[in-house]
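Enquirer: Take a look at the following structure, please.
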Amino acid sequence: MAMSSPLLLNTLLLVSAAHLACRYEQFALDIPRYRNRVLPTLISFVEKWKGFDIVLLATIIMMSIHEVFEANHANWVKHLKAVAQIITTYVPDCKNCDQETRMLLDIFAYHSVIAFVGTNEGFLVMEYYGQATWSALRGKNAFLASADQVITYVARLGSLSLEISSNLDPKILTPSQLRRVLDLKAFLENWKPPTGGHGDACNTVQAMRYAGLLYCHKIIANSFIVCGREEILSHCQAIVQHLGYISLDSPSAASHMWPLYMSGSFLNNRTGIADQESQDFIVERLDALKLRRGVKTIDLIRDRLKLIWNSDGDALAALPDAPLILI
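According to mature numbering (1 follows the signal peptide of the UniProt record, and there is no 0), the residues represented by the sequence shown are -17 to -1, 1 to 310, in order.
Below, the structure written as structure tokens:
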């Protein structure tokens, strides 16, 4: 597709330059050049846009990936919202896309959920998660083929969290809302990897499943319902255990930031839950991922966790959630 579209090709070159610049400073010089090739053309494309266009959709998705490497959460969310608008308007066209485009949409579906839980912003196109299994790419070693069900449950939790935030008292869940949270929690507790799935992909998804369970606890905690410390600690330790099985050189390691952050954020003075061994693993894993991937967002995640760990209970209670790119 990129070979027939200069706009998309230049966007891919921009993403590649930003990715390489995370490791090698000299590539940062190429970023303004490629950005200047992309943005004026993209703006003109949008202004003249009259209907569904696969190239525009792919370009904006790739621009959202570019913002991950730039550690710009505001633009990341802005681009994801733009994609969501296209999908919402043209759901039938998106569902009938070719395999290549559907794989791009899968990236969007994954990023949208992580954007929501990491920034409390975004737009979840719940129609995309209408079926628990939606990944275009199948196979026992394909990450999203193993993860799509868990991501769907987390998307539904995110949608429910947004609904709860509009309650007269956001700290109090209605009986219906509480029942739905507990139902989704039960789905995550009972989830099993797809038949034939194994290895790094499944261990990563298991870590994400436990991160989803911690997300349930976060939502329930706002309703003054006491969450069991032993249960929360077991989820944190399970994340560390599953990620510990995976080599840092594995492609799956690129999806470890969210579970690492969720585990670390619950080990603090406010919850009264501590596990120095798990905290040490989280810091060591983040440091090692930064050395290998060079992505700026990892520094922000590590610094945020250290701030959480070094704050006492009162200071932590007053600490607002910082928007993070957890990818």
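Every residue, glycine too, gets a C-beta built ideally from N, C-alpha and C.
(1) Using 8 Å as the threshold, is the stretch 184 to 204 in touch with the stretch 233 to 243, meaning 3 or more CB pairs across them?
(2) Cβ of Ala169 within 8 Å of Cβ of Ile134?
(3) Could you compute how far the alpha carbon of Phe52 sits from the alpha carbon of Glu30?
(4) Specify, as a first and last residue, the run of the alpha helix (DSSP H) that His200 falls within.
(5) Runs of 4 residues minimum, wholly inside the stretch 110 to 157: which ones carry the alpha helix (DSSP H) assignment?
(6) To the nearest angstrom, report how far apart Asn252 and Leu3 are at their CA atoms.
(7) Leaving out the 5 sequence neighbours to the left and right, which residues in its chain are closer than 6 Å to Asp89 when beta-carbon positions are compared?
(8) Nearest CA to the CA of Gln68: which residue from Glu50, Glu110 and Gln82?
(9) Round the Cβ separation of Leu140 and Cys199 to the nearest angstrom and send it over; I've been treating them as touching at under 8 Å.
(10) Suppose you measure from the CA of Ala(-16) to the CA of Ile256; what does that come to, to the nearest Å?
(11) Hey, quick one: how far does the alpha helix (DSSP H) through Lys289 stretch, first residue to last?
(12) What are the boundary residues of the alpha helix (DSSP H) that Pro23 is part of?
(13) Just to confirm the assignment, what range does the alpha helix (DSSP H) spanning Met(-17) have?
(14) Would Leu250 and Asp258 qualify as a contact pair, given that the criterion is a beta-carbon distance under 8 Å?
(15) May I have the straight-line CA-CA distance separating Asn58 from Ile308, to the nearest angstrom?
(16) At the level of alpha carbons, what is the spacing between Ile265 and Ala271?
(17) So, are the CB atoms of Ala130 and Thr84 less than 8 Å apart?
Expert: According to the structure shown:
(1) Taking one beta carbon from each stretch, the stretch 184 to 204 and the stretch 233 to 243 have 3 or more pairs nearer than 8 Å; the two touch.
(2) Here residue 169 corresponds to residue number 186 of the sequence shown, with the count starting at 1. Here residue 134 corresponds to residue number 151 of the sequence shown, with the count starting at 1. Their beta carbons are not under 8 Å apart, which means Ala169 does not touch Ile134 by this criterion.
(3) Sequence index remark: in the sequence shown, residue 52 carries index 69 (1-based). Sequence index remark: in the sequence shown, residue 30 carries index 47 (1-based). Phe52 and Glu30: Cα-Cα distance of roughly 27 Å.
(4) Walking along the sequence shown from the start, residue 200 turns up at place 217. Where His200 is concerned, the enclosing alpha helix (DSSP H) stretches over Gly182 to Ala204.
(5) Counting whole runs of 4 or more residues, the stretch 110 to 157 contains the alpha helix (DSSP H) stretches 126 to 148.
(6) The residue you call residue 252 lines up with position 269 of the sequence shown. The residue you call residue 3 lines up with position 20 of the sequence shown. So the alpha carbons of these two residues sit roughly 38 Å apart.
(7) In the sequence shown, counting from the first residue as 1, residue 89 sits at position 106. For Asp89, where only same-chain residues beyond five positions count, the Cβ hits under 6 Å are Ser118, Ala119 and Leu127.
(8) Position 85 of the sequence shown, counted from the start, is the residue given in the question as residue 68. It is Glu110 whose Cα lies nearest to the Cα of Gln68.
(9) If you number the sequence shown from 1, residue 140 lands on position 157. If you number the sequence shown from 1, residue 199 lands on position 216. Yes, Leu140 and Cys199 are in contact; Cβ-Cβ is about 6 Å, under 8 Å.
(10) Mapped onto the sequence shown, residue -16 falls at position 2. Mapped onto the sequence shown, residue 256 falls at position 273. The alpha-carbon atoms of Ala(-16) and Ile256 are separated by roughly 49 Å.
(11) Taking the first residue of the sequence shown as position 1, residue 289 is located at position 306. Going by DSSP, Lys289 is part of the alpha helix (DSSP H) stretching over Lys279 to Asn293.
(12) In the sequence shown, residue 23 corresponds to position 40, counting from 1. Annotation for Pro23: the continuous alpha helix (DSSP H) segment containing it runs Asp13 to Lys31.
(13) Taking the first residue of the sequence shown as 1, we reach residue -17 at position 1. Per DSSP, Met(-17) belongs to no alpha helix (DSSP H) and is neither H nor E.
(14) Reading the sequence shown from its first residue, position 267 is the one you call residue 250. Reading the sequence shown from its first residue, position 275 is the one you call residue 258. Here Leu250 is near Asp258, since their CB atoms are less than 8 Å apart.
(15) What you label residue 58 is simply residue 75 of the sequence shown in a count that begins at 1. What you label residue 308 is simply residue 325 of the sequence shown in a count that begins at 1. In this structure, the alpha-carbon of Asn58 lies about 11 Å from that of Ile308.
(16) Position 282 of the sequence shown, counting from 1, holds the residue named residue 265. Position 288 of the sequence shown, counting from 1, holds the residue named residue 271. So the two alpha carbons sit approximately 10 Å from each other.
(17) Counted from its first residue, the sequence shown places residue 130 at position 147. Counted from its first residue, the sequence shown places residue 84 at position 101. Here Ala130 is not near Thr84, since their CB atoms are 8 Å or more apart.
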